[in-house]
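Read the structure below first, then the notes.
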Amino acid sequence: MASTIRELPEYVSLVIGWALIVAAVSAPPWGFNLHRITAISLGFMLHELMHRAVARKYGCFARYYLDPFGVLITVISLLLPIRFLAPGYVGIAMPPFLTPYEYKELSGKIAVSGPLMNIALSLIGLIIVELFKYRVILVPTIVLFFSVELFIVNAWLALFNLIPLGPLDGAKVFKWSIVKWLIAFGMAVALFMYSYRLLM
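Quick note, the sequence shown lines up with residues 1 to 200 if you use this note's numbering.
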């Protein structure tokens with residue numbers, strides 16, 4: 001009970017972050033699209049929660065925070081044709097007494113977990129779409145449309161977050177292991193290219 005009360009502010013932050021994302025992807029000119037809203041919400045929230053889960057697994061303090069600047073930019077982007085969706089982030093405090101290599105390795109493992117979640121979600125969407133296309137399974141139209149959005153949205157999120165620049169996850173993964181970054185980035189590129197072909 002005490003633990004739940006302590007984590008209440010984090011749950012509130014997650015709900016507010018989710019609400020801002022829903023508002024951003026529902027505003028004109030995008031319009032309300034339940035499949036897209038659900039896919040984007042899952043992609044963003046599970047990405048952040050995966051960072052949190054992996055960090056806690058390795059003994060780090062990890063918590064989701066709203067970022068005032070990110071909230072402001074997200075709200076401002078409601079007026080623009082391109083959305084900036086970054087209302088919050090997972091703040092992580094590493095365990096003490098790590099060597100430089102251990103710090104880099106742990107940072108890389110935590111960083112890659114978010115994009116890997118997006119890759120997994122994208123693959124789930126792709127598998128459902130492909131099985132339906134070849135009549136292996138039959139699913140309701142709403143499930144098919146959602147699967148298409150899940151595939152496309154998460155392919156894009158994985159690719160973007162794995163760019164090895166600045167504060168993006170890709171920079172931390174690249175510093176930890178170029179080989180592991182290449183594998184993850186290659187998977188994201190392949191999914192993104194296939195999703196582009198699907199759109200065309």
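Where a beta carbon is used, it is the ideal one built from N, C-alpha and C, also for glycine. Only a predicted model underlies this, so the values are computations on that prediction, with no experimental measurement involved.
Extent of the continuous alpha helix (DSSP H) to which residue i belongs
i: V136; result: First-last for V136: undefined, no H or E at that position.
i: L52; result: Here residue 52 turns out to be Arg, not Leu, going by the sequence shown. It spans L34 to K57 - the alpha helix (DSSP H) in which R52 sits, taken as one unbroken run.
i: V18; result: The question names Val, but residue 18 is Trp in the sequence shown. Taken as a continuous stretch (DSSP letters only), the alpha helix (DSSP H) holding W18 covers L8 to S26.
i: F174; result: D169 to W176
i: P68; result: P68 to I76
Residues that residue i bridges to, as DSSP identifies them
i: A62; result: I92
Spatial neighbours of residue i in its chain, beta-carbon cut-off 8 angstroms, leaving aside the 5 residues before and after
i: V139; result: I128, F132 and S147
i: Y103; result: M94
Own chain, CB closer than 7 angstroms to residue i, minus 5 neighbours either side, in chain order
i: M187; result: I119
i: K57; result: none
i: V202; result: Examination of residue 202 is not possible in this model, given that the chain is present from 1 through 200 alone.
i: L165; result: A171
Beta-carbon contacts of residue i that lie in its chain and below 6 angstroms, excluding the five residues immediately before and after
i: L20; result: T74 and P87
i: D169; result: A111, G114, P115 and N161
i: A39; result: E149, L150 and V153
i: M117; result: L46, H47 and M50
**Message:** For the structure I just gave you, are there three or more beta carbon pairs, one from the stretch 105-113 and one from the stretch 141-160, closer than 8 angstroms?
**Reply:** no
**Item:** Three-pair Cβ contact test at 8 angstroms for the stretch 96-112 versus the stretch 74-86
**Value:** no
**Asked** Counting pairs of beta carbons, one from the stretch 53-64 and one from the stretch 86-104, are three or more of them closer than 8 angstroms?
**Response** yes
**Request:** Indicate whether the contact test is met: 3 or more Cβ pairs, each with one atom in the stretch 10-27 and one in the stretch 41-52, closer than 8 angstroms.
**Result:** yes
**Item:** beta strand (DSSP E) runs contained entirely in the stretch 98-137, provided each spans 3 or more residues
**Value:** none
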